[in-house]
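Novice: Take this structure first; my questions come after.
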Ligand code: TTP
Ligand code: MG
């Protein structure tokens, strides 16, 4: 466990401080809690637990990863790589129960917690008096004491670098990254390590001769925009330079309303996503009208099949409760997602709300 934050010249309080907390081999680790006799054995969690049936690996213990087994791989391939592995079915109910306990620990440590997936979250500890390492160590200890699980934590000045950092020294890691570390520690990594680079983007970058984050950083912004469009191109450029201005998306604030749905099956059908979004936007507009409220920001949230969660936001020129305007803004947001993975949940909300002004033609006789 290595943490260099304390050695930096700059006082911590002057920089934004984000933590990314990610549990190690989550599904497998939860299974080990109730099957301690399996500790040290290669463990594969996926589908119904039958390695001869169709289905993919949800996760593999670190022992099983040594055989080349990883998330997303067909179970049958995993079996071929390691027939001696123990295969167990997915038990979402149990994983969700433990996940809720972990999130509770995190919320007790910081008010600003962004739930980023079943086993991961971001914390903003900028205003905290405690040192980053000190806080991260305390969180690791608390999670271990409460659940018996280990996690890895990344400390950095933004979410992007914190997420990269948490992955650098797994399992049970505590790693700090500053902007100055970019060249030496981030640029040599595969471009795939950047959030927003899925298999399709990775393949396209490969055709452009770009394999590492450093090679991506060397690409002119104009070229990335020409290849990937303005939003995704700019994100790739900024991410490769360690720039990430995204704030934490904490619980929907009280002064906003929203809807979200989890699909019965993960979907990659854009039409279905758009239709669902349109329905939710219209419903939301109706509710705002009923309460005589208007809102100025429209946020769309997508949670992918692997639980990675992203949001896109659009600020309108005028606060509104007009169904068309909200729907259009929601579609603009949807267009900014790289739909490279199946989607599990879609949500939309309208924020920055206030009561609508009385119509100009409204009678004033009530005075
Ligand atoms: P991850 O945090 O990506 O993986 P992990 O916790 O198993 O391992 P690591 O130590 O590298 O963090 O995902 C969390 C859980 O989400 C994982 O245990 C199983 C589930 N998952 C899937 O079901 N499918 C997937 O493709 C991935 C990546 C994860
Ligand atoms: Mg994890």
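Numbering (my numbering), first residue to last: 108 to 474. We put the beta carbon where it would ideally sit given N, CA and C, even for glycine. Since this is a predicted model, take the numbers as computed values, not measurements.
1) Residue ranges of each alpha helix (DSSP H) run of no fewer than 4 residues wholly in the stretch 374 to 421, ordered along the chain?
2) According to DSSP, is residue 166 helix, strand or coil?
3) When you measure from the CB of residue 226 to every non-hydrogen atom of ligand 2, does any distance come out below 6 angstroms?
4) For residue 157 and residue 139, I'd like the C-alpha separation in whole angstroms.
5) If I'm right that residue 208 touches residue 254 with Cβ under 8 angstroms, what's the distance once you round it to whole angstroms?
6) May I ask you to report which of helix, strand or coil DSSP gives residue 138?
7) In three-state DSSP terms, what is residue 454?
8) Over what stretch of residues does the beta strand (DSSP E) that includes residue 228 continue unbroken?
9) For residue 181, which residues does DSSP report across the bridge?
10) Kindly indicate the opening and closing residues of the alpha helix (DSSP H) around residue 324.
11) Excluding five sequence neighbours on each side, which residues of the same chain lie with their C-beta closer than 7 angstroms to the C-beta of residue 463?
12) By how many angstroms is the C-alpha of residue 308 removed from the C-alpha of residue 260?
13) Which residues mark the beginning and the end of the beta strand (DSSP E) in which residue 304 is found?
14) Helix, strand or coil for residue 212 per DSSP?
15) Tell me which same chain residues have a C-beta within less than 6 angstroms of the C-beta of residue 362, skipping the five on either side of it?
16) Looking at the unbroken alpha helix (DSSP H) that takes in residue 438, where does it start and where does it end?
17) Can you name the residues that DSSP bridges to residue 194?
18) Does the stretch 238 to 257 come within contact of the stretch 311 to 324, defined as at least 3 CB pairs closer than 8 angstroms?
19) Please classify residue 315: is it buried, with 16 or more other beta-carbons within 10 angstroms of its beta-carbon, or exposed?
20) Taking C-beta to C-beta, are residue 236 and residue 127 nearer than 7 angstroms?
21) For residue 130 versus residue 256, is the C-beta distance shorter than 7 angstroms?
22) So, is residue 379 buried or exposed, given that buried needs 16 or more other C-beta atoms within 10 angstroms?
23) Quick one: is residue 377 buried, meaning 16 or more other Cβ sit within 10 Å of its Cβ, or exposed?
24) Does the Cβ-Cβ distance between residue 373 and residue 451 come in under 7 angstroms?
Specialist: In short:
1) 377 to 397
2) Position 59 of the chain shown holds residue 166. Here residue 166 sits in strand by DSSP.
3) Taking the first residue of the chain shown as position 1, residue 226 is located at position 119. Residue 226 Cβ: within cutoff of ligand 2.
4) Taking the chain shown and counting its residues from 1, the one referred to as residue 157 is at position 50. Taking the chain shown and counting its residues from 1, the one referred to as residue 139 is at position 32. Spanning the two alpha carbons is a distance of roughly 18 angstroms.
5) Mapped onto the chain shown, residue 208 falls at position 101. Mapped onto the chain shown, residue 254 falls at position 147. About 6 angstroms; that satisfies the 8 angstroms criterion.
6) As a working note, residue 138 is residue 31 in the chain shown. Correct three-state label for residue 138: helix.
7) Locating residue 454 in the chain shown gives position 347, where the first residue counts as 1. Reduced to three states, the DSSP call for residue 454 is strand.
8) Translated into positions along the chain shown, residue 228 becomes position 121. Unbroken beta strand (DSSP E) run through residue 228: 227 to 231.
9) The residue labelled residue 181 in the question sits at position 74 within the chain shown. 163, per the DSSP bridge assignment.
10) Stepping through the chain shown from its first residue, residue 324 is reached at position 217. 320 to 324 is the extent of the alpha helix (DSSP H) around residue 324.
11) Along the chain shown, one-based indexing puts residue 463 at 356. 399, 400, 401 and 428.
12) Residue mapping note: residue 260 aligns to position 153 of the chain shown, counting from 1. Residue mapping note: residue 308 aligns to position 201 of the chain shown, counting from 1. Their backbone Cα atoms lie some 27 angstroms apart in a straight line.
13) Position 197 of the chain shown, counting from 1, holds the residue named residue 304. It is not in any beta strand (DSSP E) - residue 304 carries neither H nor E in the DSSP assignment.
14) As a first step, residue 212 must be located in the chain shown, where it is residue number 105. Correct three-state label for residue 212: helix.
15) Locating residue 362 in the chain shown gives position 255, where the first residue counts as 1. Its pLDDT being 47, under 50, residue 362 is placed unreliably in this model, and the value from its coordinates should be taken loosely. Contacts found: 460.
16) Locating residue 438 in the chain shown gives position 331, where the first residue counts as 1. Segment 430 to 442, the alpha helix (DSSP H) holding residue 438.
17) For the purposes of this step, residue 194 is identified with residue 87 of the chain shown, where counting begins at 1. DSSP, once it has assigned bridges, lists 151 as partnering residue 194.
18) no
19) Position 208 of the chain shown holds residue 315. It is exposed - the Cβ of residue 315 has fewer than 16 other Cβ atoms within 10 Å.
20) Here residue 236 corresponds to residue number 129 of the chain shown, with the count starting at 1. Here residue 127 corresponds to residue number 20 of the chain shown, with the count starting at 1. No, Cβ-Cβ distance for residue 236 and residue 127 is not below 7 angstroms.
21) On the chain shown, position 23 is the one that residue 130 refers to. On the chain shown, position 149 is the one that residue 256 refers to. Contact flag set, yes.
22) For the purposes of this step, residue 379 is identified with residue 272 of the chain shown, where counting begins at 1. Flag for residue 379 reads exposed.
23) If you number the chain shown from 1, residue 377 lands on position 270. By the neighbour-count rule (16 or more Cβ atoms within 10 Å), residue 377 is not buried but exposed.
24) Translated into positions along the chain shown, residue 373 becomes position 266. Translated into positions along the chain shown, residue 451 becomes position 344. Contact: yes.
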